[in-house]
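Peer 1:
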Amino acid sequence: MAADRSCFPTNIHLASPNAMRMRRALRMSRRDMLLGAMGAAVVALGASRPGFAATEEADPVVPLFLAVSQRLTDRDVLDPQISHALYAGIIHANPERREQIHKLHDLMASGSFASARALASAAEHSDPVFKDVIHEIMTGWYRGVADQKVVVYRSALMFDITKDAVYPKTYAAGGPFYWTQTPPEVAVPTGEPALSPSKFVVEPT
Amino acid sequence: MPSEQDLSADVVIVGSGVAGSSIANELARAGISVIVLEAGPRVDRQHFVENFRNLENKPSYQGPFPSVPWAIHPPNQMTPNDYLHTTGPDAEAYQQVYLRMMGGTTWHWAGCAWRYLPSDFELKTRYGQGRDWAVKYEDLEPFYYQAEVMMGVCGPDPAVEDLGSPRRQPYPMEALPISYAAQQFRKLVSEKTPYRVVHEPQARNTRPYDNRPTCEGHNNCMPICPIGAMYNGSYSVYHAEAAGAHFVPNAVVYKIERDSANKRVTAVHYYDPDKGSHRVTGKYFVIAAHCIETAKLLLVSADEQSPDGIANSSGHVGRNMMDHTGVQVTFISGDKALWPGRGPLETNVIDNFRDGTWRNERGAYLVHMVDDNQVDLATSLAISKGYVGRELEEQIRYLASHTVRLFSHNEGLADPDNRLTLSQTHKDVLGIPHPEVYYKLPEYTVKSCEHTRGLFRELIGLMHGTDEQWTPGYFPQDHPAGSTIMGTDPRDSVVDGFCRTHDHENLFIASSAVFSSVGTGNITLTVAALALRVADTLKKELAHA
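Protein chains in written order, with numbering that gives the first Met the number 0: chain A, 0 to 204; chain Z, 0 to 544.
1. Listing by chain order, which chain Z residues have their CB less than 8 Å from the CB of G110(A)?
2. Quick check: the Cα distance between V625(Z) and R361(Z), rounded to an integer number of angstroms?
3. Since S383(Z) meets chain A, which of its residues come closer than 9 Å, beta carbon to beta carbon?
4. Closer than 7 Å between beta carbons: that is the criterion. Which residues of the region 81-106 of chain A meet it against chain Z?
5. Please list, in chain order, the chain A residues whose beta carbon lies closer than 7 Å to that of F51(Z).
6. Near G333(Z), what residues of its chain come up, given a Cβ to Cβ distance below 8 Å and the 5 sequence neighbours on each side ignored?
7. Using 8 Å as the limit for Cβ to Cβ distance, is F149(A) near chain Z?
8. Fully enclosed by the region 93-128 of chain A, which alpha helix (DSSP H) runs are 4 residues long or longer?
9. Quick one: measure Cβ to Cβ for E93(Z) and P73(Z), integer angstroms, because I've assumed they're closer than 8 Å.
10. Short of 7 Å Cβ to Cβ, which residues in the region 325-338 of chain Z face chain A?
11. Would you say E184(A) faces chain Z, with C-beta separation under 8 Å as the test?
12. Following the continuous beta strand (DSSP E) through H425(Z), name the residue where it begins and the one where it ends.
13. If you measure from the beta carbon of D73(A) to each beta carbon in chain Z, is any gap under 8 Å?
14. Please name the residue in L103(A), Y170(A), W178(A), F158(A) whose C-alpha comes closest to that of N219(Z).
15. Between the region 285-305 of chain Z and the region 10-23 of chain Z, are three or more C-beta pairs nearer than 8 Å?
16. Between V159(Z), Y364(Z), G314(Z), which lies nearest to N521(Z) when the distance is taken from Cα to Cα?
17. Any C-beta of chain A sitting closer than 8 Å to the C-beta of H217(Z)?
18. Cβ of G139(A) less than 8 Å from any chain Z Cβ?
19. In the structure shown, what three-state DSSP assignment does T378(Z) receive?
20. Suppose you measure from the CA of L524(Z) to the CA of G430(Z); what does that come to, to the nearest Å?
21. Quick check: N359(Z) and Q128(Z), are their CB atoms within less than 8 Å of each other?
22. Which residue's Cα is closest to the Cα of Y166(A): P343(Z), E140(Z), I459(Z)?
23. Could you check what DSSP says for P79(A) in three-state terms: helix, strand or coil?
24. Identify, in the order they occur along the chain, each residue of the same chain with its Cβ nearer than 7 Å to the Cβ of E240(Z), setting aside the five sequence neighbours on each side.
25. Kindly list the residues whose CB is nearer than 8 Å to the CB of V369(Z), restricted to its own chain and excluding five residues on each side of it in sequence; keep chain order.
26. Would the region 382-391 of chain Z count as touching the region 112-119 of chain A if we require 3 or more Cβ pairs under 8 Å?
27. Less than 8 Å between the CB atoms is what I'm expecting for V285(Z) and L298(Z), so what's the real figure, rounded?
28. Sort N319(Z), E173(Z), G325(Z) by Cα distance to A413(Z) and report the nearest one.
29. Taking all protein chains shown into account, decide if G411(Z) is buried (16 or more other Cβ within 10 angstroms of its Cβ) or exposed.
30. Under a three-way DSSP split, which group does R341(Z) fall into?
31. Along the chain, where does the beta strand (DSSP E) that runs through V517(Z) open and close?
32. Out of curiosity, what's the CA-to-CA distance linking A18(A) and V513(Z)?
33. Closer than 7 Å by C-beta to L109(Z): which residues in its own chain qualify, once you throw out the five before and the five after it? Chain order, please.
34. Would you mind telling me which residues of chain Z sit closer than 9 Å to V144(A), beta carbon to beta carbon, in chain order?
35. Taking Cβ-Cβ distances shorter than 8 Å, what residues in chain A pair up with D302(Z)?
36. So, with DSSP's three-state summary, where would you put G303(Z)?
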C-alpha cells in the first residue's frame, strides 16, 4: 500500500473533532470487554484494507482520475486517498462522469500535453462536456469539494498555495496579532485561461 | 395537557440570548430565583465548529446551526423562505436570519459592540425624522459600560479616537490592533479623502478576559469563533447557571396568561418537543426572544381578553419593523496585495456618516472594510474564469490577496406599515404560525444607500479596482428592531423607557424590539445595555416587594 501513503502529515487528522471522537470511541472500546473484540476487528480491517481499496481494484478509472488530476493541476504529486474520495463524490453526483473521465484520460494519452492549460483547452475543443468535468476536478482539488460536500478542508490545494499568507478559517496559528505584519506581495498574473468563462454565482448566505 | 409539576420563579424569562441570559445572570447573583425558557436546544461550540468545517457553502452564517423542528429559524436569506415569510415591494431587504438556540444569535455575530450616538435617541427632536426614544443616552451610559464589562469590549482611547458616544470610563480592554489590510485602507482613506477609518469597538479579547483567551485571528467570528475569544450569549448562560439560574432548553412558549383584570401576567405556557404543555408562574416576566420572535409570541398569545395580542392596546405590536439595510460591493484592488482574512472579520469602520445635519432628509450609515479570508471565493472565481493548473494557482493567489469587500449599515426608520403578522398559511410542527413581514424600504433609507454607493465608487476608484460585483438590490444586515416600539405615549408605543409594557405592569421586553430608531452601529451592545437596565429595575422592585 506504499502508493497509497498520504503526502500530507499523517497526524493532520488528529486535531479534528472527528478524530477526537474516534479516539474517544476507541478508548471506550478497549475498556469495554464485550465490544472490545469487535472494535479491534474493525480497527484491524481498517488498517490493512482502507475503505476505498476494494473499489479501486474494481474501478479502473480511479487511477486514471489521479493521472488526469496531476496533469490538470500541473502537479506531479497528489494525495491518492483524496483523489479517490473526490472521484467517488464526482461519480456519485453524476454517474456519467465516470465514462467522461475515462475519455478525458484517453484524450490525454493520445497526445502530448505539456501543461494543464494545453490539455484543458484541447479537451473543451473536442467536446464541450469536458469543460464541466474539468471544473469539477478543479473544484475538487482546489476547494476540496465534490458532490456539494466537503471532502477535505485544510488539505484543499487553495490553502496550500496561500499558506504563506493566510490560514484556513478556524485554524490560525500565527499567535496574537500576527495579522499586523506585512504579508507577501503577489505579482500580477500573466497566464491565460484555458477554458471559456462561466457565469460566476455567489451563493446566498 | 398540563404537566404534573408546574415551575415557578421570581422572574421568568423567555429567551436565552444576550438579553435574557444577562438579565438572568444579574438577578441570580442578587439571590433572585430565575427560570429561563429557551425554545431551541443546547449545543456546544465544538459541534458548531465541526459543522462549519464540513460546510460546503462557507459564507452561510446559518449553515452550521441547523434548527430543530419545534423551534425553526430561517435557514438562509433566500426569498421565499422556509420560515420567515417576507412580502411587499422590498421583501428581500427584510429576509433576516437569526438563531433559536441556547445562547441566541450572538453565536454568529462579529462582536461589533457600538454604543449608539446621543442623537440616535433623539432623531425626531433633532432632525424631524422617525421617533425619539423614551430614554436618553445619558440614562443608558452606565448600562452601556456595564454591558461592555460583561462582554469584554476592546476599543480605542477616546482622547485619541472619539467615537462620538461620551464615556465616563475607558473601554475594559485596549483596542484590537488592525490588520495590515485595514492599515493600508486606513492610510488610503486618510490621505486621499476627507473621511477617517476608526477602530471598531469589539466584544473580543485583546488579553485573557473572563476566563476566555486572547483572540488568535481565526477569521471566523461569523459564523463561529472556534476558541471563544469573542463574547457570545452562551457565556452569560454559563455565568447565570453558576449563580443558580435555571435554564430550560426546548421550551417553546406559546401563551402568556394574565389575571382577570388583564393588568398582570401570571404565567407563561410552553410546549416541549412532544407538545406536552407546561405552565410556569412568576412575579415578573421578561420576553427576550429576539425582535421577530418576541412580537410573534405576543401576537400568538391573543385571546378573548386581548384579541389583538398581549401588550397590544396600541396596535403597535409587530409594527415599525426596522433594520440596517446593506449596500455591498466586492472588487479587485489594483494596488499592492492586502491579503484580507488575517485577524478578526470586522475591525475598522468609516464613521463619518453616522451623524450630520443631513439626517433631516437621508439616513445615516457606517462602512466596514470587511477583513474576510477570500481564498475560497477567489478559487471559485478563478475556476469560473476558465483557469487550470499553474495559471489557476497564480490567479487564486492574486485574487485572494487583492479582493476587497465593502458593506454598509444604512439607517432604517420606524414606519407602522412595515409590519410583522402571523402567517395564515404556514405553521410549525407545534401548530404555531410562522412570522410574516411586509416591508417597504423607507425613502430615508433608500437615499442613504444612494449616498453609500457614491462613496463606494469613490473608494473603488482610489484603489484602482476592477471586477466590481455589487450585491443586487438591498440586503438585510440582520439587525431587526422596532416590533414592540418604545415611547412615552401608550397610544402609539408598546413599552416605556424602562422596557416595561404599558399594558401589563410586570411584563418587560428585553430586545431590539423596543428600539425607536436603529442608528448605524450594530445593535447588540444597546440590547445588552437595555437588558441590564431591566435587570436593575427588577432588582429594585423585588427588593421592595
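All residues carry an ideal CB built from backbone N, CA and C; glycine is no exception.
Peer 2: A quick look at the data gives this:
1. None at all; the shortest Cβ gap to chain Z is about 16 Å.
2. Chain Z is shown only over 0 to 544; residue 625(Z) falls outside these bounds and no answer can be derived.
3. Listed by position along chain A, the residues whose Cβ is nearer than 9 Å to that of S383(Z) are H134, P196, S197, K198, F199, V200.
4. Cβ contacts with chain Z: none found.
5. Simply T169.
6. Excluding positions up to five away in sequence, the list reads H401, M462, H463, G464, T465.
7. The displayed chain sequence assigns Val, not Phe, to residue 149(A). So yes, V149(A) belongs to the interface.
8. Listed in chain order, the alpha helix (DSSP H) runs fully inside the region 93-128 of chain A are 95-109, 115-125, counting runs of at least 4 residues.
9. One detail in the question is off: residue 93(Z) reads as Tyr in this sequence, not Glu. No, Y93(Z) and P73(Z) are not in contact; Cβ-Cβ is about 11 Å, not under 8 Å.
10. Per Cβ criterion, the list reads K335, A336, W338.
11. For E184(A), the answer is yes, since a Cβ of chain Z falls inside 8 Å of its Cβ.
12. Counting along the chain, the beta strand (DSSP E) containing H425(Z) begins and ends at 418-426.
13. Output row for D73(A): interface = yes.
14. Nearest neighbour of N219(Z) by Cα position, chosen from L103(A), Y170(A), W178(A), F158(A), turns out to be Y170(A).
15. Yes, the region 285-305 of chain Z is in contact with the region 10-23 of chain Z.
16. Distances from the CA of N521(Z) to each of V159(Z), Y364(Z), G314(Z) were compared; the closest alpha carbon is that of Y364(Z).
17. True, the Cβ-Cβ gap to chain A drops below 8 Å.
18. At a cut-off of 8 Å between beta-carbon atoms, G139(A) makes no contact with chain Z.
19. DSSP places T378(Z) in helix when its eight states are reduced to three.
20. Roughly 34 Å separates the two Cα atoms.
21. Contact: yes.
22. The candidate whose alpha carbon is nearest that of Y166(A) is P343(Z).
23. The three-state reading of DSSP puts P79(A) in helix, counting H, G and I together.
24. Once the five neighbours on either side are set aside, the close Cβ partners of E240(Z) are F246.
25. Cβ neighbours of V369(Z) within its own chain (closer than 8 Å, five residues either side excluded): P339, L344, E345, R404, L405, F406.
26. Of all C-beta pairs linking the region 382-391 of chain Z to the region 112-119 of chain A, three or more are shorter than 8 Å, placing the two stretches in contact.
27. In fact, because the Cβ distance is near 18 Å, the residues do not count as touching under 8 Å.
28. Comparing alpha carbon positions, the residue from N319(Z), E173(Z), G325(Z) closest to A413(Z) is N319(Z).
29. So G411(Z) ends up on the buried side.
30. Looking at R341(Z) - three-state DSSP - the assignment turns out to be coil, as it is neither helix nor strand.
31. Looking at the DSSP string, V517(Z) is not in any beta strand (DSSP E), and its letter there is neither H nor E.
32. With a pLDDT of 38 at A18(A), under the threshold of 50, the predicted position of this residue should be treated as unreliable, though the coordinate-derived value follows. Approximately 46 Å, taken between the alpha carbons.
33. Contrary to the premise, residue 109(Z) reads as Ala rather than Leu in this sequence. Answer for A109(Z): C220, M221, L344, E345, listed in chain order.
34. Here the neighbours are E55.
35. Those within 8 Å of D302(Z) in chain A number zero; the least Cβ separation is about 38 Å.
36. In the sequence on display, residue 303(Z) carries Glu and not Gly. In the three-state reduction of the DSSP assignment, E303(Z) falls in the coil class, being assigned neither a helical nor a strand state.
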